[in-house]
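Engineer:
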Amino acid sequence: MNSVQYLPYRIQDVVSYINWIYFFHAWGFEPRFATIADIHDC
17 MNSVQYLPYR IQDVVSYINW IYFFHAWGFE PRFATIADIH DC
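Residue numbers for the sequence shown, in the working numbering: 17 to 58.
(1) Tell me whether Trp36 sits in a helix, a strand or coil according to DSSP, three-state version.
(2) Rounded to a whole number of angstroms, what is the C-alpha to C-alpha distance between Ser32 and Arg26?
(3) Tell me which same chain residues have a C-beta within less than 7 Å of the C-beta of Phe39, skipping the five on either side of it?
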């Protein structure tokens with residue numbers, strides 16, 4: 017059974033734990049573009 021869970025975390029609370037390189041890779045960007053997250057304070 018598939019279900020959706022709501023997690024009451026704000027993105028501001030977890031953003032420092034996100035490894036943006038994996039997201040950019042999944043979206044088809046080169047790893048060097050992951051530094052954009054640092055520039056825009058993500």
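The beta carbon of each residue, even a glycine, is placed where N, CA and C say it ideally should be.
Structural biologist: Looking at the coordinates:
(1) If you number the sequence shown from 1, residue 36 lands on position 20. Trp36: helix per DSSP, three-state reduction.
(2) Translated into the one-based positions of the sequence shown, residue 32 becomes position 16. Translated into the one-based positions of the sequence shown, residue 26 becomes position 10. Distance between the alpha carbons of Ser32 and Arg26: 12 Å.
(3) As a working note, residue 39 is residue 23 in the sequence shown. Closer than 7 Å at Cβ, skipping near neighbours: no residue.
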